[in-house]
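The working numbering applies: residue 4 is where the sequence shown begins, and numbers increase by one. Ideal Cβ positions, reconstructed from N, Cα and C, are used throughout, including at glycine.
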Amino acid sequence: MLLCLLLGLNMAACSQRAPSERPDPRLPVVSSILPLTDFVRQVGGDRVRVETLVPAGASPHTYELTPSQLIAVTRARVLVLNGVGLEFWAAKVISSANNPNLIVVTASEGLKIIAGDADEPGGNPHTWLSPLNAIRQVDRIREALIESDPAGAEVYRANADRFERELRALDEEIRNAVAGYSSRRFISFHAAWAYFARDYGLDEAAVIESRPGQEPSPAEIASIVQKAKEIHAKAIFAEPQFSPKAASAIAEECGARVLLLNPLGLPPDYRYIDMMRYNLNEISQALR
Ligand SMILES: [Zn+2]
Numbered sequence: 004m005l006l007c008l009l010l011g012l013n014m015a016a017c018s019q020r021a022p023s024e025r026p027d028p029r030l031p032v033v034s035s036i037l038p039l040t041d042f043v044r045q046v047g048g049d050r051v052r053v054e055t056l057v058p059a060g061a062s063p064h065t066y067e068l069t070p071s072q073l074i075a076v077t078r079a080r081v082l083v084l085n086g087v088g089l090e091f092w093a094a095k096v097i098s099s100a101n102n103p104n105l106i107v108v109t110a111s112e113g114l115k116i117i118a119g120d121a122d123e124p125g126g127n128p129h130t131w132l133s134p135l136n137a138i139r140q141v142d143r144i145r146e147a148l149i150e151s152d153p154a155g156a157e158v159y160r161a162n163a164d165r166f167e168r169e170l171r172a173l174d175e176e177i178r179n180a181v182a183g184y185s186s187r188r189f190i191s192f193h194a195a196w197a198y199f200a201r202d203y204g205l206d207e208a209a210v211i212e213s214r215p216g217q218e219p220s221p222a223e224i225a226s227i228v229q230k231a232k233e234i235h236a237k238a239i240f241a242e243p244q245f246s247p248k249a250a251s252a253i254a255e256e257c258g259a260r261v262l263l264l265n266p267l268g269l270p271p272d273y274r275y276i277d278m279m280r281y282n283l284n285e286i287s288q289a290l291r
């Protein structure tokens, strides 16, 4: 009887407040890819609500935004882009969002960019896959969150400092692992690992899909097989955002294993640091 009364009172109290009408106090942020979403979460903590445009499992090289995603950009206060041409839709989306409150952050601005292929005049966009670049990207995100929400400045600074310490520890971990490798050359699925290779003294000897999403021709496969034999590749890397067919065919031809690298994040949490530890472990299996 007492319980019923308490429950009844509680429900009455709740219905008066109508929680669904209360606006979400968090800063609305939209980011293009999952690694950047994690950076925003790490820096923004409870003060931000972040939505990712390119969904898990899709490739940012080919994904086209939906109309409801455009609406998210019209309502956001901060839009976090990687830059270097990865968001081929960016200019169109920003102009059609017509959102005067929107702060656009290009996380790769100021980084040293590696040349891309013929389709990538701005360079290779996969900057975030080196933790050293990630630290600089986190700096930019922190500044944009502070600009948009100055009341949170202290929180954003403290969170960014903590996260950057974790990224520096990750960098150290990668350096220690790479120091023990017997080979430095590897074959990746697409040119995602160029910054990782540059910063840790490795060599992306060949890529299977020079145009992401476009399967290699038989002649290209033959030349990759030859390269794989030349470098005594123990493994060929595939990626979950693309078909593993070509990687499997190449691996079979040269007696290597297929391992999976993930440049965008691991479900269900999509934490950048977990993803990079996973990738490091796969790379170590191939090069140790
Ligand atoms: Zn890519």
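Residue i (DSSP reduced to helix, strand or coil)
i	result
S226	helix
Y273	coil
E146	helix
F166	helix
V96	helix
S151	helix
A121	coil
V87	coil
V108	strand
R201	helix
P134	helix
P31	strand
I74	helix
T40	helix
S191	strand
R139	helix
L173	helix
L9	Confidence at L9 is low in this model, with a pLDDT of 41, below 50, so its placement is unreliable and the value that follows should be read with caution. Helix, per DSSP.
C17	Confidence in C17 is poor, its pLDDT being 43 and thus under 50, which makes the residue's placement unreliable; the coordinate value appears in the next sentence. Three-state DSSP puts C17 in a helix.
R52	strand
A61	coil
A289	helix
N284	helix
M4	Summary for M4: the model assigns pLDDT 40, below 50, so the residue's position carries little reliability, and this model does not support an answer.
I253	helix
Residue i beta carbon near ligand 1 (any heavy atom closer than 6 Å)
i	result
A61	no
A118	no
A249	no
A121	no
A172	no
A195	yes
Nearest-angstrom Cβ-Cβ length linking residue i and residue j, presumed shorter than 8 Å
i	j	result
V51	L30	5 Å
A197	I253	With 8 Å as the limit, A197 and I253 do not qualify as a contact, their Cβ atoms being about 19 Å apart.
A250	V261	5 Å
M279	L173	6 Å
T40	Y273	7 Å
V76	S35	At roughly 10 Å, the Cβ-Cβ gap does not stay under 8 Å, so V76 and S35 are not in contact.
Y73	S99	For the record, residue 73 in the displayed sequence is Leu; it is not Tyr. About 6 Å; that satisfies the 8 Å criterion.
L132	A195	6 Å
A259	A225	The pair is not a contact, with the Cβ atoms about 15 Å apart (cut-off 8 Å).
Y275	N265	Contact flag wrong, Cβ pair sits at about 11 Å.
S151	V81	5 Å
P134	L170	5 Å
Cβ of residue i within 7 Å of any chain D Cβ
i	result
D49	Protein chains in the displayed structure number just one, and chain D is not present.
Meets three-Cβ-pair contact criterion under 8 Å: the region 187-199 and the region 233-240: yes
The region 102-120 contacting the region 147-154, beta-carbon criterion three pairs below 8 Å: yes
Contact the region 205-215 vs the region 155-175: 3+ CB pairs below 8 Å: no
The region 87-101 contacting the region 128-138, beta-carbon criterion three pairs below 8 Å: yes
Meets three-Cβ-pair contact criterion under 8 Å: the region 63-74 and the region 214-228: yes
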